[in-house]
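Visitor:
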Amino acid sequence: MNIIKLKQLRRAKGYTLSYLSSITGCTSSYLSQLERGLKQPSLEMLRRISNSLDVTVFDLLSENEAADTITGNTPGKKYDIIRHHSRKKFIMPEILTEYEFITPYSAEKKDNPRVSGMYITLLPGKWSCEKPISLNFDFSIFVIQGKVKASLDDDTLILDQGDSAYIYSGIQHNFYNAWDTELIMIGYGISCL
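Mapping the sequence shown onto UniProt numbering, position 189 (from 1) lands on 189, and the numbers just tick up by one.
Here it is, written out as structure tokens:
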């Protein structure tokens, strides 16, 4: 987690540690330890902090500030090219799952595209999230390398390299790499950012 960013975001909102503590339900001491890099928050705590600061978890976890993006904006044509070496990246601290934006992403939500894409890397024995989640938008995944055990509501399915899945809004899901090789997936959805 980019600890300096947490402190910057809190100060930009004009929040004291005491006030942020009161709206997140954790202690000022704990928040101070997060800002100084002495503690690693759970994903649930990251969600509570990001909601309180009106930012996304991605904003808190993003490793690099600015992507090397080429933007074309001529009449009738608009495009963005994101170089592979400078994608915005974040790693879920408890599960070490790595996510990289393959579509433009900005903390100023007005600039974000209608569709968001992520390059997702799961190490052997790792989950995509610490517990099953349900999203309020549809999304799709495509397995580039390896295979994945997909938990979708009460079903568990194996997706092989080259397989894809479309997951509807409201479906409880999680993805697990049960094999001894790295898993790489692409995920796309209507932008929730």
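From the three backbone atoms N, C-alpha and C, an ideal C-beta is built for every residue, glycine too.
#1: Between which two residues does the alpha helix (DSSP H) harbouring residue 188 extend?
#2: From the DSSP output, read off the bridge partner residues of residue 44.
#3: State buried or exposed for residue 131, treating a residue as buried only when at least 16 other CB atoms are found within 10 Å of its CB.
#4: Below 8 Å on the Cβ atoms is my contact criterion, and I expect residue 114 with residue 186 to pass it. Report the Cβ-Cβ distance as a whole number of Å.
#5: Between residue 122 and residue 116, is the Cβ-Cβ spacing less than 8 Å?
#6: Give every residue of the same chain whose Cβ lies closer than 8 Å to the Cβ of residue 144, excluding the five residues on either side of it in the sequence, and list them in chain order.
#7: Where residue 19 and residue 42 are concerned, what is the direct C-alpha to C-alpha distance, given to the nearest angstrom?
#8: Does the distance from the CB of residue 6 to the CB of residue 34 come in under 8 Å?
#9: Mind the definition here: the stretch 139 to 153 touches the stretch 166 to 186 only if three or more C-beta pairs lie below 8 Å; say whether that holds.
#10: When DSSP builds the beta bridges, which residues end up paired with residue 149?
#11: Please report the straight-line C-alpha distance between residue 103 and residue 118, rounded to a whole angstrom.
#12: Compare the C-alpha of residue 181 against each of 92, 124, 75 and 15 and name the closest.
#13: Which stretch, first to last residue, makes up the beta strand (DSSP E) that contains residue 100?
#14: May I ask you to list the residues that DSSP assigns as paired with residue 115?
#15: Can you give me the start and stop residues for the alpha helix (DSSP H) that residue 30 sits inside?
#16: In this structure, does DSSP put residue 122 in helix, strand or coil?
#17: Kindly indicate the opening and closing residues of the beta strand (DSSP E) around residue 164.
#18: Would you call residue 16 buried or exposed, if buried means 16 or more other Cβ atoms sit within 10 Å of its Cβ?
Guide: Taking the coordinates as given:
#1: Counting along the chain, residue 188 falls outside any alpha helix (DSSP H), though it belongs to the beta strand (DSSP E) covering 183 to 190.
#2: DSSP lists no partner for residue 44.
#3: exposed
#4: Rounded, the Cβ-Cβ distance is 17 Å, inconsistent with contact.
#5: Not in contact: residue 122 and residue 116 (Cβ atoms no closer than 8 Å).
#6: 161, 184, 185 and 186
#7: 20 Å
#8: yes
#9: yes
#10: 158 and 176
#11: 7 Å
#12: 124
#13: 97 to 101
#14: For residue 115, which the question treats as bridged, DSSP gives the partners 190.
#15: 28 to 35
#16: strand
#17: 164 to 167
#18: Under this definition residue 16 is an exposed residue.
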